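Worksheet: one structure, shown below.
Number of protein chains: 2
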Amino acid sequence: MSEIYDDQTFFKAYGKLPRSLDGLKVAGEWPALKRLIPDLKGKKVLDLGCGYGWHCQYFAENGAEVIGLDASEKMIAQARQKNNHQNITYVVGSMENLDFPSEQFDFPSEQFDLVFSSLTIHYLADFPKLVQDVRRILRPSGQFLFSVEHPIYTSRKEQDFIYDANGQALFFPVDNYFKTGARQTHFLGSPVEKFHRTVEDFIEPLLENGFSLRHLVEPVPTSEVIQQFHWENELRRPMMLIISAEKKIMTPKNHDEN
Amino acid sequence: MSEIYDDQTFFKAYGKLPRSLDGLKVAGEWPALKRLIPDLKGKKVLDLGCGYGWHCQYFAENGAEVIGLDASEKMIAQARQKNNHQNITYVVGSMENLDFPSEQFDFPSEQFDLVFSSLTIHYLADFPKLVQDVRRILRPSGQFLFSVEHPIYTSRKEQDFIYDANGQALFFPVDNYFKTGARQTHFLGSPVEKFHRTVEDFIEPLLENGFSLRHLVEPVPTSEVIQQFHWENELRRPMMLIISAEKKIMTPKNHDEN
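Chains Z and W, in that order, give the protein sequences.
Per our numbering, residue 110 is the first one in the first sequence, and the count goes up by one each step.
Per our numbering, residue 110 is the first one in the second sequence, and the count goes up by one each step.
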C-alpha cells in the first residue's frame, strides 16, 4: 500500500483539495454515501484509511464510538487537530492486516457494527484478505460500507478522458479491463500505485465470504456541486463505486450455498 | 422492445452467427453462465427471449421442464426445429408483460424454479417491472439468472473500439454513462434499439424487490474461443454482465430492511 500520504510534497497538495479544506460537503459522492450509513447511535465504527477524519467526526457526532485507522502519521496528526470529537480514537496503522494493524493495537473479533472506508481500497493489493478480516471484526449483521474508484476509472493508468485539439473531452477510454492489478498512476503531481480490479472482483469476494449485498451505487455529484466545480463530465463516466454489504448470520443453509 | 428479429434481412444475418449455427459451445460467455445454473433435475424453467432455443435444450436435457418465450415467430419456428426436446414448450409472446405474455398463455404465481434470460434484457425499456414480474412467478428461493450487454459496452451507441489509422484498436470509449435509456445501435447491419443502464440500475431493482444477489460475473471467453475467433480484444473491455439473484423468503426482518 502506498505511503505517499507521508510524502511532504504530496501531503501539501492534498491539503489544498476542496475535500481536505471543506470536508464532506464538497465531496461529490457524500450525499450518496450518507444515505447508506446505518443508524449510528451507540454503535461502534471503524474507519479504514480515515485521512483527515471528516467521516469519523460525522460518525461521532451522530452517536457512534469511532476508531479512525490510517497508515500515515501526518494524516492522523491532521485528523487529531481538525476532527477531534471525544468519541474518536485515532490510530496509526495499516489496514492490510487488521489482526495487527499496529503494535499498540489489535482488533478482537466481532466488535464493530460498521466498518467503513472512503476511497482507500484501490490502494490495497489484496481485497479478499480485507473482506475476511472485516468479516472477523464485524458483529453479526454488521455492515461493511466503502467507496472506491470505479473499475472503469482505474482500468488505464492515465485515468483521464481523451481530448480533442481544443481541449474538449471526447470520451473516457477503457483498456486492459481484465488485466487486473497494479497501475502506476499520478495524483496531485506525485506517482501513486493503485490496484485495478473489475466490478466482479469487488462483489464476488463479499458473497463468497459470508456477506450479503445491500447496495451497489455509482454516485453522481449533486447538480449544485457539478455547477460549483464545473464537473459536467462526471455524468459521462462512472468515477466511483459505493458498496454496502451485511455480514450474514451463519446458518446450515448459508454454509451449503454455492 | 425491438421486433427486429422478425425482419427478414436481419434474421438471415442472425442465422449465420457462430452461436446461431453451433449453439452454446461457441458462445464466449457460456462457460461462465453454465457454472451459475442451479441443479435442473425436476425443475421448472422459463427462458425469456429464448431465440433458437439452445439454452432451453440444455435445460431440458438436464432434467428440467422448460418454457421458451420469444416475441419473434420466426425465432420460435427455428427453435421448434433445432431444439425440440419433448420437455420444452415454445411460446410466442412478450417478456414485457409476464402477466399476459400472449393470448394463449399466462403465468400463475410462484411456478418457476429458474427464470433465465440470455442477452435480451438490453432490448427492454423497463427493467424494474421485469424484476417484479419475475419475482411473482418464481417460487420462494427460486433463481433469476441473466446475461446482458455490459453497461460499459452499451454507453455509446457505436458499441465499438476507437481505431488508429492502421485499424488497430486503441481503447474502448465510454460516454454518457449516466444518460440512461434508448440507444439507436446497429447489429448485423440493421438498426436495433437497445437500452443502456448502469451497473447500479441492474442491481438495485433486484435488491429492492426481494432478491438477494448470488453472483455478479463479467465473463471472458475461454482462451480456446479467443484464439479460434481472434477475440484478444475481449480482454480489453467488459462486453457482458451475468447476474444471478435468489428470491428471498420474506420474513418480518426482510420487510424492515432499507
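We put the CB at the ideal spot given by N, CA and C, even for glycine.
Every value quoted in this text rests on a predicted model; they were computed, and no experiment measured them.
Cβ-Cβ distance between residue i and residue j below 8 Å
i, j, result
"Ile261(Z)", "Ile261(W)", "yes"
"Glu302(Z)", "Ala291(Z)", "yes"
"Phe225(W)", "Val154(W)", "yes"
"His305(Z)", "Thr263(Z)", "yes"
"Ala186(Z)", "Leu297(Z)", "no"
"Leu239(Z)", "Met204(Z)", "yes"
"Ala188(W)", "Gly162(W)", "yes"
"Leu149(W)", "Gly132(W)", "no"
"Leu145(W)", "Ser353(W)", "yes"
"Asp156(Z)", "Leu178(Z)", "yes"
"Ser250(Z)", "Ile358(Z)", "yes"
"Leu223(W)", "Pro328(W)", "no"
Neighbouring residues, chain Z, relative to residue i (Cβ below 7 Å)
i, result
"Val283(W)", "Ile261, Phe280, Phe281, Val283, Arg346"
"Ser321(W)", "Ser321"
Alpha-carbon to alpha-carbon, residue j and residue i
i, j, result
"Lys356(Z)", "Ser321(Z)", "7 Å"
"Ala278(W)", "Gly158(W)", "32 Å"
"Asp116(W)", "Glu182(W)", "11 Å"
"Phe214(Z)", "Gly202(Z)", "8 Å"
"Leu315(W)", "Val326(W)", "15 Å"
"Pro127(W)", "Ser211(Z)", "57 Å"
"Arg323(W)", "His259(Z)", "21 Å"
"Thr307(W)", "Val257(W)", "12 Å"
"Gln268(W)", "Leu350(W)", "15 Å"
"Asp273(Z)", "Glu170(Z)", "47 Å"
"Gln369(Z)", "Gly137(Z)", "Residue numbering for chain Z in the displayed model covers 110 to 367; residue 369(Z) lies beyond these limits and cannot be assessed."
"Gly276(Z)", "Phe270(Z)", "10 Å"
"Glu366(Z)", "Gln252(W)", "The predicted position of Glu366(Z) is uncertain, since its pLDDT is 47 and thus under 50; a value taken from the coordinates is nonetheless stated next. Approximately 13 Å between the Cα atoms of the pair."
"Asn363(Z)", "Gly151(Z)", "Note that Asn363(Z) has pLDDT 49, beneath the 50 cutoff, so the model's placement of it is unreliable and the number below is only indicative. So the alpha carbons of these two residues sit roughly 29 Å apart."
"Met348(W)", "Phe281(Z)", "16 Å"
"Glu333(W)", "Ile176(W)", "32 Å"
"His164(W)", "Lys143(W)", "10 Å"
"Lys125(W)", "His339(W)", "18 Å"
"Phe168(W)", "Gln166(Z)", "54 Å"
"Arg245(Z)", "Val200(W)", "50 Å"
Within chain Z, the residues that residue i reaches when beta carbons sit closer than 9 Å
i, result
"His324(W)", "Glu309, Ile312, Glu313, Leu316"
Member of the options whose CA lies at the smallest distance from the CA of residue i
i, options, result
"Leu254(Z)", "Gly132(Z), Asn275(Z), Trp139(Z)", "Trp139(Z)"
"Leu233(W)", "Asn206(W), Asp215(W), Pro249(W), Gly151(W)", "Asn206(W)"
"Phe242(Z)", "His339(Z), Asn318(Z), Glu333(Z)", "The question names Phe, yet the displayed sequence has Asp at residue 242(Z). Out of His339(Z), Asn318(Z), Glu333(Z), Asn318(Z) has the C-alpha closest to the C-alpha of Asp242(Z)."
"Thr198(Z)", "Pro147(Z), Glu174(Z), Ile113(Z)", "Glu174(Z)"
"Thr289(W)", "Phe311(W), Ile358(W), Phe281(W), Phe270(W)", "Phe311(W)"
"Thr294(Z)", "Phe281(Z), Tyr272(Z), Arg265(Z), Asn275(Z)", "Arg265(Z)"
"Ala141(W)", "Asn275(W), Tyr272(W), Ser227(W), Ile358(W)", "Ser227(W)"
"Leu130(Z)", "Gly160(Z), Phe280(Z), Pro328(Z)", "Gly160(Z)"
"Arg313(Z)", "Val200(Z), Lys143(Z), Phe236(Z), Tyr167(Z)", "Looking at the sequence itself, residue 313(Z) is Glu, so the reference to Arg does not match. That would be Phe236(Z), whose Cα lies nearest to the Cα of Glu313(Z)."
"Phe119(W)", "Leu223(W), Met184(W), Val329(W)", "Met184(W)"
Contacts that residue i makes with chain W (C-beta to C-beta distance below 7 Å)
i, result
"Tyr286(Z)", "Arg345, Arg346, Pro347"
"Glu327(Z)", "Thr307, Val308, Glu309"
message: For the structure I just gave you, are there three or more beta carbon pairs, one from the stretch 185-199 of chain W and one from the stretch 218-227 of chain W, closer than 8 Å?
response: With a cut-off of 8 Å, the stretch 218-227 of chain W and the stretch 185-199 of chain W do not count as touching, because too few Cβ pairs lie within range.
query: Can at least three beta-carbon pairs, one atom from the stretch 274-285 of chain W and one from the stretch 340-351 of chain Z, be found at a separation below 8 Å?
result: Segments in contact, yes.
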